[in-house]
Amino acid sequence: MNGKPPFDGAGACRRSATRYVLPMRILCGDIGGTNARLALWDGAALQHEQTFASADWPGLEAPLAAWRSSTGVDPDRACFAVAGPVMDQRCVTTNLPWVVDGPTLGAQLGCPVRIINDFHAAARGISLLGPGDAVLLFGGEPVMGAPVAVMGAGTGLGEAFVVGDQVIPGEGGHADFGPGDARELRLAAWLFGRNGRASWEDVLSGPGLVNLARFASLDRGEPPPPWLDGPEAPARVAAEDPETVDWFCALYGAEAGNLALRVLARGGVYLCGGIAPRMVPSLKAGAFRARFENKGKLGAAIRAVPVSVVTHPGLGLLGAAAEAMRMRD
474 MNGKPPFDGA GACRRSATRY VLPMRILCGD IGGTNARLAL WDGAALQHEQ
524 TFASADWPGL EAPLAAWRSS TGVDPDRACF AVAGPVMDQR CVTTNLPWVV
574 DGPTLGAQLG CPVRIINDFH AAARGISLLG PGDAVLLFGG EPVMGAPVAV
624 MGAGTGLGEA FVVGDQVIPG EGGHADFGPG DARELRLAAW LFGRNGRASW
674 EDVLSGPGLV NLARFASLDR GEPPPPWLDG PEAPARVAAE DPETVDWFCA
724 LYGAEAGNLA LRVLARGGVY LCGGIAPRMV PSLKAGAFRA RFENKGKLGA
774 AIRAVPVSVV THPGLGLLGA AAEAMRMRD
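Residue numbering for the sequence shown is 474 to 802, as defined by the working numbering.
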């Protein structure tokens, strides 16, 4: 990773080992609207990683049974990072018709289970990143111990903060979208007409990328291309519509700057999720940074904040493992 990590990497796990009894077999899961990923953490590396298409299963119980059957592993404890708000160890997923219930899964697995929000895991996983696991877009050195902001666009938009040793997950992706110019005011009005409101997730996600492309066509007085209604639409927009990609990056910068301001995230802003790693050249091109820093009188307060794209493919799994190591039976 370019620059110093905000915490202390694997050393955090080693120190945790002096405070908590660490099992050798941690089942960790990253449960999203598109994929459910399961793996075993043995204290040093992820093993037996498997990916299940979420829409093909009625809930998490069946993929868990398939994973255990194929690996023969009985875990000592488990932690699942789930895309949705977690309340009382239960999550009704946001972009998937699943209910993920900790006690139910604990009974199935026969071990302690913890359910956390997926961006709680992403934020916790930042501490385990090593050299080469992230790409610095711009900014100075992170201030050790300062707040960290984590956000990521994928199937939806997730956000979280780390303050000291405390992870603060949230659902900021569903906060009201803030237009930055006349075109974005028209975009907000169009989203209101379609959805009854306009959120940041409506523009910063795979479906959001399609929304931007569709609106841009209509705003030019042109019919949207029919392929925008197909399942490959986000990938095609990313590959074939550079103007929409630039706009997406600008909006990404605007909301990343909002997060940096909310906690003065001098420890860094980290972009994760499925989209940012595929758009690093576009994110570096300038529109992202211009909107990130365009905060009026407080633009100077966040100009030195380092902004990085996490490229490690298993950030959510790492974070779930790190959180499981903090569990007390």
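Cβ coordinates follow ideal geometry from the N, Cα and C atoms, glycine included.
Near residue i, what residues of its chain come up, given a Cβ to Cβ distance below 7 Å and the 5 sequence neighbours on each side ignored?
i           : result
residue 579 : 585 and 586
residue 598 : 788, 789, 791, 792 and 795
residue 638 : none
residue 540 : 511 and 523
residue 495 : At residue 495, the pLDDT of 48 sits below 50, so the modelled position is not reliable; the number obtained from the coordinates is stated separately. Once the five neighbours on either side are set aside, the close Cβ partners of residue 495 are 516 and 798.
Quick check on this structure: which residue in the options has the alpha carbon closest to the alpha carbon of residue i?
i           : options               : result
residue 793 : 595, 613 and 573      : 595
residue 689 : 672, 719 and 668      : 719
residue 417 : 520, 716 and 698      : What is shown of the chain runs 474 to 802, which leaves residue 417 out entirely.
residue 786 : 714, 627 and 762      : 627
residue 557 : 707, 768, 653 and 591 : 591
residue 723 : 651, 695 and 668      : 651
residue 733 : 632, 753 and 752      : 632
residue 629 : 544, 735 and 643      : 643
residue 748 : 708, 609, 774 and 653 : 708
residue 753 : 555, 645, 611 and 559 : 611
residue 703 : 511, 573 and 679      : 679
residue 751 : 668, 667, 607 and 666 : 607
residue 755 : 603, 676 and 721      : 721
Would residue i be called buried (16 or more neighbouring beta carbons within 10 Å of its own) or exposed?
i           : result
residue 693 : exposed
residue 687 : buried
residue 781 : buried
residue 575 : buried
residue 760 : buried
residue 656 : exposed
residue 613 : exposed
residue 489 : With a pLDDT of only 38 at residue 489, under the threshold of 50, the placement of this residue in the model should not be trusted; the figure read from the coordinates follows. It counts as exposed.
residue 493 : Because residue 493 sits at a pLDDT of 44, beneath the cut-off of 50, its placement in the model cannot be relied upon, and the following sentence gives the value as read from the coordinates. Looking at its Cβ environment, which holds fewer than 16 other Cβ atoms inside 10 Å, residue 493 is exposed.
residue 658 : exposed
residue 542 : exposed
residue 801 : exposed
residue 566 : buried
residue 649 : exposed
residue 605 : exposed
residue 772 : exposed
residue 700 : exposed
residue 502 : buried
residue 803 : Since the first residue shown for the chain is 474 and the last is 802, residue 803 is missing from the structure and cannot be characterised.
residue 783 : buried
residue 560 : exposed
residue 550 : buried
residue 712 : exposed
residue 536 : buried
residue 662 : exposed
residue 668 : exposed
The alpha helix (DSSP H) with residue i in it runs from where to where?
i           : result
residue 644 : From DSSP, residue 644 is part of no alpha helix (DSSP H); its letter is neither H nor E.
residue 544 : 534-544
residue 703 : Where residue 703 is concerned, there is no enclosing alpha helix (DSSP H), given that its DSSP letter is neither H nor E.
residue 795 : 788-797
residue 526 : Not the alpha helix (DSSP H): residue 526 falls in the beta strand (DSSP E), residues 519-526.
residue 671 : Per DSSP, residue 671 belongs to no alpha helix (DSSP H) and is neither H nor E.
residue 687 : 679-692
Note down, in chain order, each residue of its chain lying with its Cβ closer than 8 Å to the Cβ of residue i, except the 5 sequence neighbours on either side.
i           : result
residue 717 : 682, 685, 686, 689 and 710
residue 534 : 577, 578 and 581
residue 729 : 622, 624, 742, 744, 761, 765 and 780
residue 739 : 615, 616, 619, 620, 777 and 778
residue 670 : 649 and 664
residue 508 : 524, 525, 526 and 527
residue 727 : 651, 653, 764, 765 and 767
residue 775 : 730, 733, 734, 737, 738, 765, 766 and 768
residue 515 : 497, 498 and 499
residue 532 : 571, 572 and 573
Check whether the Cβ of residue i lies closer than 8 Å to any heavy atom of the ligand NAD, and answer yes or no.
i           : result
residue 694 : The ligand NAD is not part of this structure, which contains no ligands at all.
Going by DSSP, what residue range makes up the beta strand (DSSP E) through residue i?
i           : result
residue 503 : 499-504
residue 663 : Careful: residue 663 lies outside any beta strand (DSSP E), inside the alpha helix (DSSP H) at 655-668.
residue 634 : 630-636
residue 625 : 621-626
residue 608 : 607-611
residue 514 : 508-514
Can you list, in chain order, the residues of its chain whose CB lies under 6 Å from that of residue i, leaving out five sequence neighbours each side?
i           : result
residue 714 : 686
residue 697 : 687 and 690
residue 660 : 688
residue 636 : 620
residue 645 : 632
residue 562 : 575 and 588
Answer with yes or no whether the minimum CB distance from residue i to chain C is below 9 Å.
i           : result
residue 634 : Here there is only one protein chain, and chain C is not present.
Inset, instruction - Mind listing, in chain order, the continuous alpha helix (DSSP H) runs of no fewer than 4 residues lying wholly within the stretch 552-595? - result: Qualifying alpha helix (DSSP H) stretches, in chain order: 575-582.
Legend entry - Ordered list of beta strand (DSSP E) runs contained in the stretch 712-784, each at least 3 residues: Runs found: 742-745 and 780-783.
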